[in-house]
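Beneath this line is the structure, given in structure tokens, with notes to follow.
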Amino acid sequence: AQRVTQPEKLLSVFKGAPVELKCNYSYSGSPELFWYVQYSRQRLQLLLRHISRESIKGFTADLNKGETSFHLKKPFAQEEDSAMYYCALRGLTGGGNKLTFGTGTQLKVEL
Amino acid sequence: DAGVTQSPTHLIKTRGQQVTLRCSPISGHKSVSWYQQVLGQGPQFIFQYYEKEERGRGNFPDRFSARQFPNYSSELNVNALLLGDSALYLCASSLDSSEQFFGPGTRLTVL
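Chains as they are written, first to last, in the numbering used here: chain X, 1 to 111; chain U, 1001 to 1111.
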């Protein structure tokens, strides 16, 4: 079975402060990990995926297979980062295109 | 391209009724996936179709069914609606097992 855990429902930080959104996963095979973001009144969209190893909008995430984690980080939070963030997993072992999502973390950046 | 489109936007049904939700993928995308998002939870995988064939099925009862048409659009059908089926139903399209692009969703309310 595959499972994604996001322990924080809400994370509130001040503008300019570092951000870390936690994500842990459980999967017996090789996973592909993603972060999706949903801004207010917009559709769910891909923020980044671990295989691309990109930095998008200043966010980075490193897959740590030993700790089964894929935490999302940004050194300096901006007001426009306020949104709902979902961590998701796709199993690369016969998993098709099924994404398993966590429950999401609402990030609120305060001025 | 308007991206993934879904219809209707909102829907209200009563228990026991049947509902059909529709999805049009991005032009050129051959894979469509359906997700159910209950309030406060992350999206949960229902089905994936690729080239009109079912590629994956989530842990949902047989009341849920779907199909994909030759133009790659898709329908999700839910029979014998229960109060617990009230949710946002998301459709996502992709080329194959690549990045999934989500639609705005259909909000289903069962009374």
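All C-beta atoms, glycine included, are put in the ideal place defined by N, C-alpha and C. These numbers come from a predicted model, not from an experiment.
1. Just verifying my parser: in three-state terms, what is the DSSP assignment at residue 91(X)?
2. With 9 Å as the limit, tell me which residues of the segment 1089-1108 of chain U have their beta carbon closer than that to any beta carbon of chain X; keep them in chain order.
3. I'd like to know whether the C-beta atoms of residue 1006(U) and residue 1021(U) end up nearer to each other than 8 Å.
4. Between the C-alpha atoms of residue 55(X) and residue 46(X), what's the straight-line distance to the nearest angstrom?
5. Assuming residue 110(X) and residue 12(X) make a contact with CB atoms under 8 Å, what is their CB distance in whole Å?
6. Alpha carbons only, please: which of 1109(U), 1056(U) and 1094(U) is nearest the one belonging to residue 1003(U)?
7. Which whole runs of the beta strand (DSSP E) in the segment 1005-1043 of chain U are 3 residues long or more, in chain order?
8. What are the start and end residues of the beta strand (DSSP E) that includes residue 1057(U)?
9. So the beta strand (DSSP E) residue 1099(U) belongs to, where does it begin and stop?
10. At a Cβ threshold of 8 Å, is residue 1027(U) touching chain X?
11. So what's residue 1083(U) in DSSP terms, helix, strand or just coil?
12. Below 8 Å between beta carbons is the criterion; list the residues of the segment 1066-1089 of chain U that meet it against any residue of chain C, in chain order.
13. Comparing the C-beta of residue 105(X) with each C-beta of chain U, is any distance below 8 Å?
14. With a CB to CB cut of under 6 Å and the five nearest residues on each side skipped, what residues in its chain are close to residue 1100(U)?
15. Rounding to the nearest angstrom, what Cα-Cα distance links residue 91(X) and residue 53(X) in this structure?
16. In this structure, does DSSP put residue 8(X) in helix, strand or coil?
17. What would DSSP say about residue 80(X), mapped onto helix, strand or coil?
18. Among 1014(U), 1053(U) and 1015(U), which residue has its Cα nearest to the Cα of residue 1075(U)?
19. Residues of chain X with a CB under 7 Å from the CB of residue 1048(U): which are they?
20. Between the segment 7-27 of chain X and the segment 61-77 of chain X, can you find at least three pairs of beta-carbon atoms closer than 8 Å?
The structure says:
1. strand
2. 1090, 1092, 1094, 1096, 1097, 1098, 1099, 1100, 1101, 1102, 1103, 1104 and 1105
3. yes
4. 13 Å
5. 6 Å
6. 1094(U)
7. 1005-1007, 1010-1013, 1019-1024 and 1031-1037
8. 1053-1057
9. That residue, residue 1099(U), is in no beta strand (DSSP E); it is neither H nor E in DSSP.
10. no
11. helix
12. Protein chains in the displayed structure are X and U, and chain C is not among them.
13. no
14. 1092 and 1094
15. 18 Å
16. coil
17. helix
18. 1053(U)
19. 96, 97 and 98
20. yes
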